[in-house]
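What follows is a short report on a single structure.
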Amino acid sequence: MIKKTLIALVALGSLSSAYAQEKDNQRAEDRAKMFRGVVTNKFGSNWEIGAGVGGQIYFGDHDKQMRFIDRLDLNLGVKAGKWFTPGLGVRLGVFGGQISGVSGWTGNESWQGQRNRGNYQGFVNDATVVRGLATSGNVYKHTDHSYKLFETTQKYLNIHADVLFNLSNMIGGYNQERFYSFIPFASAGFGLSLNKAVNGYYSHEPTLGVGLLNRFRVSDALDIDLELRGTYTGDRFDQEFLMDTGDRGIQAQAGRWGEGMFSVGVGVNYKIPRRGWEYQQICPNNDDVIADLKKSLENQLALREGDAQRIKELEDALSRQGEVTRENVTLYPLLVTFHIDRWVLRNQDRVNLGFLAEAIKSNPNLKFKVTGFADAGTGSVKRNIFLAKKRSEVIFDCLVNEFGVPASQLIRDDKGGVENMYYNDPRCSRAVLLKVSE
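If you read the sequence shown in the working numbering, its first letter stands for residue -12, the second for the next number, and so on.
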C-alpha cells in the first residue's frame, strides 16, 4: 500500500510538472486589454435579447400643420442580436405602434386648389369614401388653415436589421465592467401598416435608418438602453401621394420625396450566457519571443532536476519502507486551473485528482485543504467570490463523490479574486490549490 501511494504521488507530481511546462510555454497575456487582443467567440456566444418602450413623431405630408404634442405617439419594440467582436454586432428587431397625423389637399396653385378641394387620402378616421378618396372625416380642430384637415390614425410595424458599432470598445479597448458604451448603428428594414387606408390598400415600404444606442451596464448580464433612432421611408407609407383619378382629371394630393420618423426609447437588455471575451495571447516583438524561449528552456531544466530529486526521494523511501508522513505528502500540492469565468473540470484534471485521491485515502490521519481562487484582474469582486466558491465545490465533490475520499479528510476554502500567484500569469490564479492542511 505504501509503495502504491508513493508511486501515485510521483505520477501526480509528473503530470503537474508537465501541465506547468505547457502553461509556461504559452506567450505572455496582453495586459493592455486592447480590442485586437481578444479571441473571437463561437456562434453560440454573446447573444442578447431586449425590449423597450418609447415615444415617436412622424414626418408626413401635412403633419407639420399639427400641434407638436398631437404628433407624439407611443411605440413598443423587441430585439435579439449577437456580438461577433467587442466592437461589431448585429441584431434583428421589430417595433410598432400607431401614427397620428392629418390628411389635407394641396392648393399651391389657384387653378389646382379648387380641383383638389374635398379629396383626401391616407388613413382618415371615420371617413366617407368615394372612389378611393375621403370626402369627409374627423376634422382636426387645432389649425388656422382655410381648408379642412382630417385626422388620420395608422397602425404599423417596422421589421428591421441593424449593424451596431461599439465605439467605446473600438477606441478605448474592451472592458467588461465599462459603465457606459457609445454604440451608433445603421438599419434597414420593412415597414407595413396593420389597417387599410381609404383607398383600400395596406402600406408596404422598405425603410432605412440610423441611430445611437446609449448602453448603461447594470451587471454582467443586464444593461439599460437609451436609444435614439431616425427612420426614412417612401412617400406612399402614409398613403398620401400624387394620384390621377382618370376621367375627371383630378389630382388628389401633393406628394413628397419621402417621409420619416424619429423615436426615443428606453429598454432593458439581457446578455445570454456564454457572455464576455477572453484575451488573446500576443507577443509584441522578436525580443519577447527569444526571452520566452529562454525562460522556457530554463524552466524545463529546472523541472528535470526536480524529477531527478523526486526519483531519489522515492528510492530512499522504498528502501526505508517507512510510512508516508505529512512532510512527504506536502511535497506534491496540486493546482487545477479553469477557463475564465468557468468552473468545469476537464478529464486531464480528473486524472490528477484520481492519483491524489489514492494518496489521501491511504493516509486517513491527514487532512487536505481545497482552496478556490479567481484572478482579480477580470470580473467584479462579487463575481470572483462566486467563481472561487464554485471551483472549490466542484473539486470537493469530485474527490468525495467520484473517487470516494472521506469528506472528513477535506477542508474547503475559497479566497475570491487574487493577484497573480505564479509566473505573473492570471490564468494560474483561476484555480483550486490542494495541499496538506497546516
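No residue lacks a Cβ here, since even glycine has one placed at the ideal position from N, Cα and C.
Where residue i and residue j are concerned, what is the direct C-alpha to C-alpha distance, given to the nearest angstrom?
| i | j | result |
| --- | --- | --- |
| Gly341 | Glu35 | 40 Å |
| Phe71 | Met157 | 13 Å |
| Glu164 | Gly74 | 15 Å |
| Leu318 | Phe325 | Low per-residue confidence applies at Leu318: pLDDT is 45, beneath 50, and the placement is therefore not dependable, though the value from the model is reported in the following sentence. Roughly 23 Å separates the two Cα atoms. |
| Phe177 | Leu79 | 12 Å |
| Gln296 | Val331 | 33 Å |
| Tyr188 | Arg262 | 45 Å |
| Lys183 | Thr140 | 10 Å |
| Asp412 | Asp336 | 19 Å |
| Leu136 | Gly76 | 44 Å |
| Thr232 | Gly198 | Any reading at Thr232 needs caution, since the residue's pLDDT is 48, under 50, leaving its predicted position unreliable; the model's value is listed next. So the alpha carbons of these two residues sit roughly 39 Å apart. |
| Lys142 | Leu179 | 9 Å |
| Val185 | Phe224 | 13 Å |
| Thr122 | Gln226 | 15 Å |
| Gln85 | Gly64 | 13 Å |
| Gly217 | Asn28 | 31 Å |
| Met248 | Phe30 | 34 Å |
| Glu292 | Met408 | 23 Å |
| Gly68 | His147 | 12 Å |
| Lys377 | Glu265 | 20 Å |
| Val116 | Lys66 | 38 Å |
| Ser283 | Ile277 | 10 Å |
| Lys281 | Ile382 | 34 Å |
| Val81 | Pro193 | 14 Å |
| Glu9 | Leu288 | Note that Glu9 scores 48 on pLDDT, short of 50, meaning its location in the model is unreliable and no value can be drawn from it. |
| Glu380 | Asn371 | 14 Å |
| Asn162 | Phe228 | 50 Å |
| Ala418 | Asp362 | 9 Å |
| Arg118 | Val251 | 38 Å |
| Leu(-4) | Phe172 | Its pLDDT being 47, under 50, Leu(-4) is placed unreliably in this model, and the value from its coordinates should be taken loosely. Whole-angstrom Cα-Cα distance: 58 Å. |
| Asn339 | Ser155 | 43 Å |
| Arg414 | Ser395 | 30 Å |
| Phe22 | Thr130 | For Phe22, the pLDDT reaches just 42, beneath the cut-off of 50, and the residue's location in the model is therefore unreliable, although a value from the coordinates is still provided. Each residue's Cα considered, the two are about 55 Å apart. |
| Pro351 | Pro260 | 41 Å |
Among the options, which residue has its Cα nearest to the Cα of residue i?
| i | options | result |
| --- | --- | --- |
| Leu428 | Val253, Val185, Lys183 | The chain is shown from -12 up to 425; residue 428 falls before or after that span and cannot be answered. |
| Gly221 | Ile211, His191, Phe249 | His191 |
| Arg399 | Val381, Thr358, Arg414 | Thr358 |
| Gly83 | Gly47, Asp401, Gln43 | Gln43 |
| Gly124 | Asp113, Val117, Tyr134, Asp131 | Asp113 |
| Glu431 | Asp57, Val392, Thr115, Ala375 | For residue 431 there is no data in the structure shown, the boundaries of the chain being -12 and 425. |
| Phe46 | Gly39, Arg54, Val40 | Arg54 |
| Lys427 | Asn145, Gly119, Val276, Asp57 | Given a span of -12 to 425 for the chain in the structure shown, any question on residue 427 remains unanswerable. |
| Asp50 | Gly109, Ser395, Asn286 | Gly109 |
| Phe203 | Val323, Phe166, Phe228, Gly196 | Phe166 |
| Ser349 | Asp362, Ser155, Ser367, Phe390 | Phe390 |
| Leu144 | Ser395, Val387, Leu181, Asp303 | Leu181 |
| Leu195 | Ile170, Phe152, Glu246, Gly159 | Glu246 |
| Asn286 | Glu302, Pro351, Tyr410 | Tyr410 |
Along the chain, where does the alpha helix (DSSP H) containing residue i start, and where does it finish?
| i | result |
| --- | --- |
| Phe55 | 55 to 58 |
| Gly109 | Careful: Gly109 lies outside any alpha helix (DSSP H) and carries neither H nor E. |
| Leu154 | 154 to 159 |
Is residue j closer than 9 Å to residue i when the C-beta atoms are compared?
| i | j | result |
| --- | --- | --- |
| Leu321 | Leu397 | no |
| Val423 | Phe355 | yes |
| Tyr107 | Ser90 | yes |
| Val150 | Ser168 | no |
| Gly37 | Asp274 | no |
| Asp328 | Thr365 | yes |
| Ser469 | Phe373 | An answer regarding residue 469 cannot be provided, because it is not within the stretch -12 to 425 covered by the chain. |
| Val255 | Leu200 | no |
| Lys258 | Asp207 | yes |
| Val40 | Leu59 | no |
Can you name the start and end residues of the beta strand (DSSP E) that residue i belongs to?
| i | result |
| --- | --- |
| Asn201 | 191 to 204 |
| Gly416 | Note on residue identity: the sequence assigns Ser, not Gly, to residue 416. No beta strand (DSSP E) contains Ser416, which DSSP labels as neither H nor E. |
| Pro171 | 167 to 180 |
| Leu136 | No beta strand (DSSP E) holds Leu136; DSSP gives it neither H nor E. |
| Gln43 | 34 to 46 |
| Arg399 | 397 to 405 |
| Val89 | 75 to 90 |
| Asn256 | 246 to 259 |
| Arg216 | 209 to 220 |
| Ala114 | No beta strand (DSSP E) holds Ala114; DSSP gives it neither H nor E. |
| Ser123 | 120 to 123 |
Taking CB distances under 9 Å as the criterion, tell me whether residue i reaches chain D.
| i | result |
| --- | --- |
| Trp92 | Note that chain D does not occur in the displayed structure, where there is just one protein chain. |
Subject >> Whole runs of the alpha helix (DSSP H) within the region 318 to 395, excluding any shorter than 4 residues >> reply: Along the region 318 to 395, the alpha helix (DSSP H) occurs as fully enclosed runs of 4 or more residues at 334 to 348, 368 to 384, listed in sequence order.
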